[in-house]
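Numbering (my numbering), first residue to last: 176 to 272.
Idealized CB from N, CA, C, for every residue including glycine.
These notes are about the structure you will find just below.
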Amino acid sequence: MVVRPRRAAPVLVCRKCLKRSDDGSGVRRALKSELKAARRDGTKPAKLVMTGCFGLCPKRAVVVASGASLAKQEYVLVADRDQVRRALALLGEERGE
């Protein structure tokens, strides 16, 4: 049996990167609000899922990924909340939105 969820694919964020980043809480809030704003009519917004370390550990950025980007072994780095919209656009292109 195949089941399709009523929400967009989740966005994965490294919990450790958020903690270490200077603007981690701002990035997290911006990600959540952009995901809510980007939802389609009649669907729920994509979930923001905190994960363990991806093994990249950038000095001043947060690692963000989607299922499609992980399949291609690609990650998006977000340095501050101003870059969140572009990062989600990159992930959206990979997710087929």
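Residue i, DSSP secondary structure in three states
i	result
S241	strand
C189	strand
R204	helix
L223	strand
Residue i versus the options, residue with shortest Cα-Cα distance
i	options	result
A184	S241, T226, G199 and Y250	S241
Within 8 angstroms, strictly: CB atoms of residue i and residue j
i	j	result
R181	K219	yes
M225	V188	yes
L263	S244	no
C228	K191	yes
S200	R235	no
Rounded straight-line distance, which links the Cα of residue j to that of residue i
i	j	result
R256	Y250	17 angstroms
K176	R214	Residue identity check: residue 176 is Met in the sequence provided, not Lys. For M176 and R214, the distance between alpha carbons rounds to 26 angstroms.
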